[in-house]
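Number of protein chains: 2
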Amino acid sequence: MKLQNYVRGEWIEGSGPGDALVDPVTGEELARASTQGIDVAAALDFARSKGQDALGKLTYEQRAELLGKMAEVLAANRAEYFRISQLNSGATEADASFDVDGGVYTMKYYSKVGRSLGAGKRLKEGAQVPLSKTGVFAGQHFLMPVRGAAVFINAFNFPAWGFCEKAAAALLSGVPVVVKPATSTAWLTQKMVADIVDAGILPTGAISILCGSARELLDEVREEDVISFTGSAQNAGRIRSHANVLKRSVRVNSEADSINSTLLGPDAAPGSDVFNLFVREVIREMTLKAGQKCTAIRRVLVPRSNFAAVSEAIAAKLGEVKVGNPRNKEVKMGPVVNKTQQASCFEGLKKLKEECSVVFGGSESFQPIDADPAKSAFVQPTLLACEDGASAKYVHDVEVFGPASTLVAYDDLNDAVDIARRGLGSLVASVFSSDPAFLRDLVLGIGDLHGRVMVVDPSVGKEHTGHGNVMPSCLHGGPGRAGGGEELAGLRALLFYHRRFVVQGPPSLLEALSQESVDASLLYA
Amino acid sequence: MKLQNYVRGEWIEGSGPGDALVDPVTGEELARASTQGIDVAAALDFARSKGQDALGKLTYEQRAELLGKMAEVLAANRAEYFRISQLNSGATEADASFDVDGGVYTMKYYSKVGRSLGAGKRLKEGAQVPLSKTGVFAGQHFLMPVRGAAVFINAFNFPAWGFCEKAAAALLSGVPVVVKPATSTAWLTQKMVADIVDAGILPTGAISILCGSARELLDEVREEDVISFTGSAQNAGRIRSHANVLKRSVRVNSEADSINSTLLGPDAAPGSDVFNLFVREVIREMTLKAGQKCTAIRRVLVPRSNFAAVSEAIAAKLGEVKVGNPRNKEVKMGPVVNKTQQASCFEGLKKLKEECSVVFGGSESFQPIDADPAKSAFVQPTLLACEDGASAKYVHDVEVFGPASTLVAYDDLNDAVDIARRGLGSLVASVFSSDPAFLRDLVLGIGDLHGRVMVVDPSVGKEHTGHGNVMPSCLHGGPGRAGGGEELAGLRALLFYHRRFVVQGPPSLLEALSQESVDASLLYA
């Protein structure tokens, strides 16, 4: 099977052999993807003209309805997406749900909140600014949808959610989508796009997909386009420093992996509710999707006094996790996505081991359930320990994008803040404690270098939404190492797909321009 | 005289010969600037630690008061700044006022609007987001001042205003400033900083200045810092693609020169008020600061039917402009900043002449009043004409950063929109017409590719604030060619110096964190 590309309102097969998509459990080839011979420039032009024209005629409310229909179609095909997730990503039921159900949930969320924007086609921001004493001349800020295409360069670990969360905000803004999923797991995204196209929900040009190499995509983007990238910091840098992207100041949002931390407060005694919630969350983050989440916990910050207790508790739980072929119902954790990623994990673990001791796992010859280690891409859940966080180097910098975390001992609040900040910008940190003053000081100490800080105390208990879960109503993204981007955060996500500008002129004109506008304060409500 | 650098709370002279600052009228050397031997890393560290600590203890309101005191000091030294402007920039009274008074006005504006933020130290954005059915877990978005330094890399044409407008927003946000003015006109910025330092207004570390080469400044910025750049698109690209800036995702705002257009509506008959207002504005934009404004009009879009009439009217007025030594009270237009800029203007004009005819000026051997052409850096006001805008290439791309504009004929609304968009992103466009429908369609046709659109009809008359004037209450910046940045726009300017993040946790904690916070909706009011 060769995955077809959907451009200019047509399904087109790329030429040449293309790249293989494999089953990470069996190593078998599932499909091939090629964009060779696809006219990327024409694809973008088609989106910018046909797609823009059609979407631009709709109001926010009408576009929100389209999202609702898309969510329905996706929900109806859930079983097939779970099947593809298992085949192409080695996903357990829980893994597939996290990606697929998460994507549909996000699409539904934007359909719902998008309706609140009503019948406008652009946003009006703030009141008129007086610019003349007699009142004949004033200013009015507007936010207008960008007139180009929304180009998504997505990561392999969320073929469903990554597509849905970005497409929802772009389409709601009236901006056509051109998605380039990571080749290794492009099948699921391609199937979703195909189902949406088949259902005839979106106007022609509103959606396109390229399966395979991005080819000249970056050479062809223009001032009017935006690029939303998810993936490695290295690739983010490549995109942002691309000559054409620089020359045209193409707007780029980038969400990169980060060295996220979770932290146990000094007050949380072993065996306490908070302690147990903390251990449970670390296990969940290490094993869900085999640790392949940009939000996953990489550093586990623990008070030195409880270092041994935490270490033992996590190791004991990790020992119970059944790892192997997700077709076996007992299995709780599957493989990483392919041999390349497995090798990258092994390489990262080698570096970490130079300065950390191994508490659990860490074996490259580990035997997964119902799978051949030679053909499959498993990584054993691995817990490392670092007693001297301040002098450690790799712990704060090397990301093992798999089921691995490192315990780091800290001495007091300031030390904890310093260690968390050593991540140099993260998507998320979480804190588990019953001490309100400690929680407050910690949040204020690290907030500016994080996109999200999750706090769990006994009053929250199990009702928190999870360290690694991205809620569409809350900001996702982070500074520095995390890429400096912003996604989701409710209707704030629309900001990326709009351009702010100000009109200075007679108040009558400003009012005329305001007529098809919606109040931008709704974005921040 | 060697301009000293102010870093780590001390005045330090750079070593070596440094670079010369010259009088563009006489060619005489005025001062030298050198950063050689300055420890830039230590300078930034000092700002991040001492400056941050001190500013962070103040509320927005208290910082607004500091801005007010700074404005007072600057206003008191106005005469000296005018003197330096004349010497180092060849500024007329009007030119000096535009830069100096504009800067003081902007500082005062931020002092005033900043007081409305009251006693908070950070911003709370929107209501709590429910995240659990029982209400024990919720989300709250905050905007926290960045914890680093605000690094300004500024342009030569606004040594006063460029410093003031950026410093106002940064300091109001609680972020220490490290300014690196363009070397050729660094004297004025340096004098302003010196006056502020001498007045003892700001806490130690809140302000630093480097006069001369930026040296390793870009190698030393961190995740917590922000860079605000004004200058050429080429330098903007260099900053954004710098390895350290990319690696750390350092936030960069860039405001670059653009090929701004002004447009006369088809309804404006020669001799009408709107026609005359249009001609007056073109003349003002061409000659004020000798055309050295990033917002200046580069393309003058005129209905083909009135092309000759506009051409004649502008040429006639240009003929009346006295160009020369600003020490002569009759002179209305001075030189460009130096011989390098003069050569760059001549080079640009040569390219434009390949596809344009010369309506007025354009002579390299032109004789300025009271100045020696061999030693001075004058450029004759030059009006070019391009009858075929659609096929023209340089007209939409080559910026002559001096007193030069090109008339471009257009046929109808769509043609006008297409031509304006050929600038590929501009800071500003202006439109002069009495036809509300035309004005509305034009604004909607070009708004997304502009930061600002100014509209003048007979009801506005002379009360508009000017095509090239940047009002602190309105957005300054533009997409694409204009750099993709955003400055000013009232309190929205503070967004660049804050980081958005979300805290998820028990509502009691979110409320505790909200206590020192101000409602972020004030930014958009």
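So the sequences go chain by chain: A and B.
Just add 1034 to the spot in the first sequence (first one is 1) and you have the working numbering.
Just add 1034 to the spot in the second sequence (first one is 1) and you have the working numbering.
Even for Gly, the Cβ is constructed at its ideal location relative to N, Cα and C.
Just reading off the beta strand (DSSP E) that Gly1481/B is part of, what are its end residues? Against the second sequence, residue 1481/B aligns to sequence position 447. Taken as a continuous stretch (DSSP letters only), Gly1481/B belongs to no beta strand (DSSP E), as it is neither H nor E.
Of all Cβ atoms in chain A, is any one closer than 8 Å to the Cβ of Lys1323/B? Sequence index remark: in the second sequence, residue 1323/B carries index 289 (1-based). Not an interface residue.
Find the residues of chain A that neighbour Arg1474/B, judging by a C-beta separation of less than 9 Å, and give them in chain order. Taking the second sequence and counting its residues from 1, one reaches residue 1474/B at position 440. Within 9 Å Cβ-Cβ: Leu1543, Ala1546 and Leu1547.
Looking at the secondary structure, which residues open and close the beta strand (DSSP E) in which Phe1535/B lies? Residue numbering aside, residue 1535/B sits at position 501 when the second sequence is read from its first letter. Start and end: His1532 to Gly1539.
My guess is that Leu1151/B and Leu1177/B are in contact by the Cβ rule of under 8 Å, so how many angstroms apart are they, rounded? Here residue 1151/B is taken as the residue at index 117 of the second sequence, counted from 1. Here residue 1177/B is taken as the residue at index 143 of the second sequence, counted from 1. Leu1151/B to Leu1177/B, Cβ: 11 Å. No contact.
Contacts that Leu991/A makes with chain B (C-beta to C-beta distance below 9 Å): With chain A covering only 1035 through 1559, there is no way to say anything about residue 991/A.
So, do the segment 1274 to 1283 of chain B and the segment 1463 to 1474 of chain B have three or more beta carbon pairs nearer to each other than 8 Å? By the C-beta criterion, the segment 1274 to 1283 of chain B is judged not to be in contact with the segment 1463 to 1474 of chain B, since fewer than 3 inter-stretch pairs fall below 8 Å.
Answer with buried or exposed for Gln1401/B, where buried requires no fewer than 16 other C-beta atoms within 10 angstroms of its C-beta. Translated into positions along the second sequence, residue 1401/B becomes position 367. It is exposed - the Cβ of Gln1401/B has fewer than 16 other Cβ atoms within 10 Å.
If we call anything under 8 Å between Cβ atoms a contact, is Arg1474/A one with Ala1546/B? Reading the first sequence from its first residue, position 440 is the one you call residue 1474/A. Reading the second sequence from its first residue, position 512 is the one you call residue 1546/B. A distance below 8 Å separates the beta carbons of Arg1474/A and Ala1546/B.
Is any beta-carbon of chain A found at less than 8 Å from that of Cys1508/B? Locating residue 1508/B in the second sequence gives position 474, where the first residue counts as 1. Judged by the 8 Å Cβ criterion, Cys1508/B is in contact with chain A.
Per-residue contacts from Val1282/B into chain A (C-beta, under 8 Å): As a working note, residue 1282/B is residue 248 in the second sequence. In the sequence as displayed, the identity of residue 1282/B is Arg instead of Val. The answer, in chain order, is Leu1458, Gly1459, Gly1514 and Arg1515.
Hey, quick one: how far does the beta strand (DSSP E) through Asp1135/B stretch, first residue to last? In the second sequence, residue 1135/B corresponds to position 101, counting from 1. Careful: Asp1135/B lies outside any beta strand (DSSP E), inside the alpha helix (DSSP H) at Glu1127 to Arg1149.
The segment 1470 to 1495 of chain B: which residues have C-beta closer than 8 Å to a C-beta of chain A, in chain order? Legend: CB atoms of the segment 1470 to 1495 of chain B lying less than 8 Å from CB atoms of chain A belong to residues Pro1470, Leu1473, Arg1474, Val1477, Leu1478, Gly1481, Asp1482, Leu1483, His1484, Gly1485, Arg1486, Val1487, Met1488, Val1489, Val1490, Asp1491, Ser1493, Val1494 and Gly1495.
Taking the DSSP output, what are the residues bridged to Asn1039/B? The sequence position of residue 1039/B within the second sequence is 5, counting from 1. Residue pairing from DSSP places Asn1039/B in a beta bridge opposite Ile1046/B.
Go to Glu1421/B, then tell me how far its alpha helix (DSSP H) extends in each direction, as first and last residue. Here residue 1421/B is taken as the residue at index 387 of the second sequence, counted from 1. First-last for Glu1421/B: undefined, no H or E at that position.
DSSP on Asp1259/B, reduced to helix/strand/coil? Position 225 of the second sequence, counted from the first residue, corresponds to residue 1259/B. In this structure, DSSP gives Asp1259/B a state outside helix and strand, which the three-state scheme calls coil.
Span of the alpha helix (DSSP H) holding Asn1287/B? Residue 1287/B sits at position 253 when you count from the first residue of the second sequence. In the DSSP assignment, Asn1287/B falls outside any alpha helix (DSSP H) and within the unbroken beta strand (DSSP E) covering Arg1285 to Ala1290.
I'd like to know whether the C-beta atoms of Asn1287/B and Gly1136/B end up nearer to each other than 8 Å. Here residue 1287/B refers to the residue found at position 253 when the second sequence is read from its first residue. Here residue 1136/B refers to the residue found at position 102 when the second sequence is read from its first residue. No, they are not a contact pair.
Give the residues of chain A in contact with Phe1171/B, contact being defined as C-beta atoms less than 8 Å apart. Locating residue 1171/B in the second sequence gives position 137, counting from the first residue. Counting only Cβ-Cβ distances below 8 Å, Phe1171/B has contacts in chain A at Val1494, Glu1497, His1498 and Thr1499, in chain order.
Would a C-beta distance cut-off of 8 Å place Phe1312/B and Ser1262/B closer than the cut-off? Here residue 1312/B corresponds to residue number 278 of the second sequence, with the count starting at 1. Here residue 1262/B corresponds to residue number 228 of the second sequence, with the count starting at 1. In this structure, Ser1262/B does not lie closer than 8 Å to Phe1312/B by Cβ.
For Ala1450/B, which residues from the same chain have a beta carbon less than 7 Å from its beta carbon, with the 5 sequence-adjacent residues on both sides left out? Working through the second sequence from its first residue, we reach residue 1450/B at position 416. Closer than 7 Å at the Cβ level, and outside the excluded window around Ala1450/B, lie Leu1297, Leu1335, Tyr1444 and Leu1476.
From the DSSP output, in three-state form, read off Gly1524/B for me. Position 490 of the second sequence, counting from 1, holds the residue named residue 1524/B. Three-state result, Gly1524/B: helix.
With DSSP run on the structure shown, which of helix, strand or coil describes Ala1443/A? Position 409 of the first sequence, counting from 1, holds the residue named residue 1443/A. Secondary structure at Ala1443/A: strand, using DSSP grouped into helix, strand and coil.
Closer than 7 Å between beta carbons: that is the criterion. Which residues of the segment 1144 to 1175 of chain B meet it against chain A? Interface annotation for the segment 1144 to 1175 of chain B against chain A: Glu1159, Gly1160, Ala1161, Val1163, Leu1165, Ser1166, Thr1168, Val1170, Phe1171, Gly1173 and His1175, criterion Cβ-Cβ distance under 7 Å.
Return no unless some Cβ of chain B is closer than 8 Å to the Cβ of Met1226/A. Taking the first residue of the first sequence as 1, we reach residue 1226/A at position 192. No - not a single Cβ of chain B is within 8 Å of the one on Met1226/A.
Cβ closer than 8 Å: which chain B residues qualify as neighbours of Glu1257/A? Locating residue 1257/A in the first sequence gives position 223, where the first residue counts as 1. Taking the beta carbon of Glu1257/A as reference, the chain B residues within 8 Å of it are Leu1458, Gly1459, Leu1483, Pro1513, Gly1514 and Arg1515, listed in sequence order.
Which value, in whole angstroms, describes the spacing of the CA atoms of Ala1527/A and Val1357/A? In the first sequence, counting from the first residue as 1, residue 1527/A sits at position 493. In the first sequence, counting from the first residue as 1, residue 1357/A sits at position 323. Whole-angstrom Cα-Cα distance: 37 Å.
Between the beta-carbon of Phe1535/B and the beta-carbon of Leu1509/A, is there less than 8 Å? Numbered from its first residue, the second sequence carries residue 1535/B at position 501. Numbered from its first residue, the first sequence carries residue 1509/A at position 475. Taking the C-beta atoms as reference points, Leu1509/A is found nearer than 8 Å to Phe1535/B.
Hey, does Glu1520/A have any beta-carbon neighbour from chain B nearer than 8 Å? As a position in the first sequence, residue 1520/A is number 486, starting the count at 1. It does: the Cβ of Glu1520/A has a partner Cβ on chain B nearer than 8 Å.
What number of angstroms, rounded off, separates the C-alpha of Val1163/B from the C-alpha of Gly1052/A? In the second sequence, the residue the question calls residue 1163/B occupies position 129. In the first sequence, the residue the question calls residue 1052/A occupies position 18. The alpha-carbon of Val1163/B is positioned some 45 Å away from that of Gly1052/A.
Can you list the residues of chain A that Pro1210/B reaches, using a CB-CB cut of under 9 Å? As a first step, residue 1210/B is located in the second sequence; it is residue number 176 there, counting from the start. Within chain A, no C-beta atom comes less than 9 Å from the C-beta of Pro1210/B; the nearest is roughly 14 Å away.
Under a three-way DSSP split, which group does Asp1491/B fall into? The residue labelled residue 1491/B in the question sits at position 457 within the second sequence. The DSSP-derived three-state label of Asp1491/B is coil.
Where does Gly1196/A fall in DSSP's three states? Looking up residue 1196/A in the first sequence gives position 162. In this structure, Gly1196/A counts as helix in the three-state DSSP scheme.
Given 8 Å, three or more beta-carbon pairs between the segment 1226 to 1239 of chain A and the segment 1055 to 1067 of chain A: Put simply, the segment 1226 to 1239 of chain A does not touch the segment 1055 to 1067 of chain A. Fewer than three CB pairs are less than 8 Å apart.
Considering only DSSP beta bridges, list what Gln1174/B is partnered with. On the second sequence, position 140 is the one that residue 1174/B refers to. DSSP, once it has assigned bridges, lists Val1537/B as partnering Gln1174/B.
Does the segment 1250 to 1270 of chain A touch the segment 1388 to 1405 of chain A, meaning 3 or more C-beta pairs lie closer than 8 Å? Judged by pairs of C-beta atoms under 8 Å, the segment 1388 to 1405 of chain A does not touch the segment 1250 to 1270 of chain A, as fewer than three such pairs exist.
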